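Step one of this worksheet: look at the structure below.
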Amino acid sequence: MKKTALTLLLTVAAISGNAQTIYDALRFSESYYEGTARTMAMGNAFTALGGDLGAVNINPAGSAVAGYSQITISPAINISVNNAGGTTLQGESSPFCFENRIKNPFTRFNVPNFGISMNYDTHRTSGIRNFTFGFVVNTTNRFQESPMTSGTQTETSFTGSEAYWAGMDGYDFNSLLSSDAYENYSAPWRTIVAAQSGMISNLANSTSDYIGAAEYLDDENNIFVPGPLDQSYQRHTTGFKYDYAFNFGMNVSDFIYLGMNLGITSFDYDSATRYTETAQDPYDFKNDFTITGENGTEQATAYFKGMRYDYRYKASGAGVYAKFGVIVTPFSGLRLGAAIQTPTSTTITEHWMESGSTTFDDSRFNGSAESPEGEYSYRLISPFRANFGAAWTFGNFGLISLDYELCDYSSMRFKEMDDMQSGEFDIQNADIRDFMGTSHMLRAGIEIKPVPQFAIRAGYGLTTSPEKTVNADGNIVYINRIVKNTATHKGSFGFGYSSNGSFFADLACCFTKYGNEYITPYQDYIFDDEGNTITLTPEILNKRTLWNVMLTLGFRF
Numbered sequence: 338m339k340k341t342a343l344t345l346l347l348t349v350a351a352i353s354g355n356a357q358t359i360y361d362a363l364r365f366s367e368s369y370y371e372g373t374a375r376t377m378a379m380g381n382a383f384t385a386l387g388g389d390l391g392a393v394n395i396n397p398a399g400s401a402v403a404g405y406s407q408i409t410i411s412p413a414i415n416i417s418v419n420n421a422g423g424t425t426l427q428g429e430s431s432p433f434c435f436e437n438r439i440k441n442p443f444t445r446f447n448v449p450n451f452g453i454s455m456n457y458d459t460h461r462t463s464g465i466r467n468f469t470f471g472f473v474v475n476t477t478n479r480f481q482e483s484p485m486t487s488g489t490q491t492e493t494s495f496t497g498s499e500a501y502w503a504g505m506d507g508y509d510f511n512s513l514l515s516s517d518a519y520e521n522y523s524a525p526w527r528t529i530v531a532a533q534s535g536m537i538s539n540l541a542n543s544t545s546d547y548i549g550a551a552e553y554l555d556d557e558n559n560i561f562v563p564g565p566l567d568q569s570y571q572r573h574t575t576g577f578k579y580d581y582a583f584n585f586g587m588n589v590s591d592f593i594y595l596g597m598n599l600g601i602t603s604f605d606y607d608s609a610t611r612y613t614e615t616a617q618d619p620y621d622f623k624n625d626f627t628i629t630g631e632n633g634t635e636q637a638t639a640y641f642k643g644m645r646y647d648y649r650y651k652a653s654g655a656g657v658y659a660k661f662g663v664i665v666t667p668f669s670g671l672r673l674g675a676a677i678q679t680p681t682s683t684t685i686t687e688h689w690m691e692s693g694s695t696t697f698d699d700s701r702f703n704g705s706a707e708s709p710e711g712e713y714s715y716r717l718i719s720p721f722r723a724n725f726g727a728a729w730t731f732g733n734f735g736l737i738s739l740d741y742e743l744c745d746y747s748s749m750r751f752k753e754m755d756d757m758q759s760g761e762f763d764i765q766n767a768d769i770r771d772f773m774g775t776s777h778m779l780r781a782g783i784e785i786k787p788v789p790q791f792a793i794r795a796g797y798g799l800t801t802s803p804e805k806t807v808n809a810d811g812n813i814v815y816i817n818r819i820v821k822n823t824a825t826h827k828g829s830f831g832f833g834y835s836s837n838g839s840f841f842a843d844l845a846c847c848f849t850k851y852g853n854e855y856i857t858p859y860q861d862y863i864f865d866d867e868g869n870t871i872t873l874t875p876e877i878l879n880k881r882t883l884w885n886v887m888l889t890l891g892f893r894f
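If you read the sequence shown in the numbering used here, its first letter stands for residue 338, the second for the next number, and so on.
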């Protein structure tokens, strides 16, 4: 089965040092509102409601709905659970591929919301009755996961893939081994690490034909994996994306509420990936070496025991945007709301480093290598967002609310820091236009107050994937390889208490099921003469869920 062009393009880009991909743009552009415990419990369906500081990032007009000043803080516990293991790929079974499905929880504590809003009463009975100034901090994305899995492989290897592609790209072995290879040679750093750590080596009488340490060359010049390999994969990711909103809201005649935010988005992302291969029986993996010494050259044999590859990636960024919103109450009980957010211009700085090691039964041939730390800065233009909402209140007894939000991710753009430069990101921006589309978000919430001081809440959210691709027939279809390609679902519930004075407290629990992620730790490399894949590399299906438990404490004054 032939590899899709998109799969090959993205895999190559992902291992090329600072090469940005469409999934970097998507990761740093996505927003998943958390808000306060009240907004979370109701699915963040607050475009038409307002009155809560967790809703200010959803609709800036919401701050003007409340006729009082308030301050809130929301500590939370977050438990991310990854369930990762092998899967079938494109309809073909892949036996012995990460068959040990591992469930791995990862718990963190943070404060996803803090806010203060000051309300000023004009003491007028019509026109501008009151206006508000506020500052609100809300979490809008959470980078928290730790997938891991392991299994047995008998047909392909990481070292074999690296050897094949190093040969296909024509990299010179001596150049890969040079001390300045990371700075002055065009090969990806991963290829340089593989060569300098002994994962790959050149074949006799050639400086551009390679074989992997976990491969064997027989008398008929066939290269293959000669025995079973134990493979493992793990990735540990941490970080948050916060939005800081400087808010202004205005109440006009208790009929229309207007608001705007000057928003600053800031994020930190830290990911460490490790991949290993270990020979179950090293004596299946014979490696022949040529040793050059004082007495000339001699042949030596060593047996491959194992290898390890590590990739560390960090990114931080800050951007600015504006958001405008309106809420209208055409008649008693009904509320309508809408908001639009301008594109966000974010400056991003990345740091990355790669390292690897290879061990043999004869320690003389052991090797290790570590790249320098790379650094690169660029700009990302994230797309505009628009959301619409309607809510119906049943007096003081309760309410229901519905939201719809859309974001066209095909409008994302990478840009150089220097506006005078052009062309650096032409390929990535073309991929964004071709392979990204519109994500649709539906949110619903309900609140019931059996007594004035106590509230029961529930909510649901659905976010569709923006990812698409072009198949062999030229039709647009959704893809199911490497990427997160399924919808994200959220379910939530909670309770609220409001005293007769100024104090109030809310508790919420939210369960999120993210779209599936498909991971290939290394590229396909076994093809027939027509370029069709004969043996697929192993694929990992990563299923991620997240539990959020949040407590909001607040005061009205």
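Just so it is clear, CB atoms sit at the ideal spot from N, CA and C, and this is done for glycine as well. What you are looking at is a predicted structure, and each value in this text was computed from that prediction instead of being measured.
Check: Separation of SER747 from ASP771, as counted between CA atoms; Outcome: 7 Å
Check: Residues near GLU761 by beta carbon distance below 7 Å, same chain, minus five either side; Outcome: GLU753
Check: Spatial distance of SER835 from ALA582 (CA atoms); Outcome: 26 Å
Check: Element boundaries [beta strand (DSSP E), containing GLY633]; Outcome: 633 to 665
Check: Same chain, Cβ closer than 6 Å to ALA531, neighbours up to 5 away in sequence not counted; Outcome: GLU499, ILE537
Check: Bridge partner(s) assigned by DSSP for CYS434; Outcome: DSSP lists no partner for CYS434.
Check: Beta-ladder partner(s) of THR730, from DSSP; Outcome: LEU736
Check: Local conformation of LEU514 per DSSP, three classes; Outcome: helix
Check: Contacting residues, own chain, Cβ-Cβ under 8 Å from LEU514 (five flanking each side not counted); Outcome: ALA532, GLN533
Check: Where ARG461 sits in the DSSP three-state scheme; Outcome: coil
Check: Simplified DSSP assignment, three categories, for SER776; Outcome: strand
Check: Exposure of ASN812, with buried meaning 16 or more beta-carbon neighbours within 10 Å; Outcome: For ASN812, the predicted model reports a pLDDT of 47, less than 50, meaning its position is unreliable and no value from the coordinates is stated.
Check: Any non-hydrogen atom of the ligand COA within 7 Å of PHE604 CB; Outcome: Among the components of this structure there are no ligands whatsoever, and the ligand COA is therefore not found.
Check: N- and C-terminal bounds of the alpha helix (DSSP H) containing GLU761; Outcome: Where GLU761 is concerned, there is no enclosing alpha helix (DSSP H), given that its DSSP letter is neither H nor E.
Check: Alpha-carbon spacing of ALA659 relative to GLY399, whole angstroms; Outcome: 15 Å
Check: Stretch pair the region 362 to 369 + the region 474 to 490: three plus CB contacts closer than 8 Å; Outcome: yes
Check: PHE931 classed as buried or exposed, judged by whether at least 16 other C-beta atoms fall within 10 angstroms; Outcome: Residue 931 is absent from the structure shown; the chain starts at 338 and stops at 894.
Check: Helix, strand or coil at ALA524 according to DSSP, with G and I counted as helix; Outcome: coil
Check: Per-residue burial, TYR519 [other beta carbons within 10 Å of its own, 16 or more giving buried]; Outcome: buried
Check: Distance between PHE443 and THR610 (C-alpha atoms, nearest Å); Outcome: 16 Å
Check: Cβ separation of THR684 and GLY654, assumed to be a contact under 8 Å, to the nearest whole Å; Outcome: 6 Å
Check: Coil, strand or helix - PHE702 by DSSP; Outcome: helix
Check: Contact the region 764 to 782 vs the region 794 to 801: 3+ CB pairs below 8 Å; Outcome: yes
Check: Bounding residues of the beta strand (DSSP E) (the contiguous stretch that carries MET887); Outcome: 877 to 893
Check: Any 3 or more C-beta pairs closer than 8 Å across the region 685 to 704 and the region 712 to 731; Outcome: yes
Check: Identity of the residue in TRP526, GLY535, ALA392 nearest ALA639 by Cα; Outcome: GLY535
Check: Alpha-carbon to alpha-carbon, SER700 and ILE439; Outcome: 33 Å
Check: Residues of its chain near GLU635, where Cβ-Cβ distance is below 7 Å and the 5 sequence neighbours each way are ignored; Outcome: ILE628
Check: Own chain residues within Cβ distance below 8 Å of PRO432, not counting five before or after; Outcome: A caution first: PRO432 carries a pLDDT of 49, below 50, which makes its placement in the model too unreliable to give a value.
Check: Residues that DSSP places opposite SER829 in a beta bridge; Outcome: GLY796, CYS847
Check: Spatial neighbours of ASP768 in its chain, beta-carbon cut-off 6 Å, leaving aside the 5 residues before and after; Outcome: ILE359
Check: Residue burial classification, PRO709 (beta-carbon count within 10 angstroms, cutoff 16); Outcome: exposed
Check: PRO720 classed as buried or exposed, judged by whether at least 16 other C-beta atoms fall within 10 angstroms; Outcome: buried
Check: Bounding residues of the alpha helix (DSSP H) (the contiguous stretch that carries GLU499); Outcome: 495 to 505
Check: Short Cβ contact (8 Å threshold) for LEU540 with ASP546; Outcome: yes
Check: Option in THR462, ALA503, VAL473, PHE561 with minimal Cα separation from THR409; Outcome: VAL473
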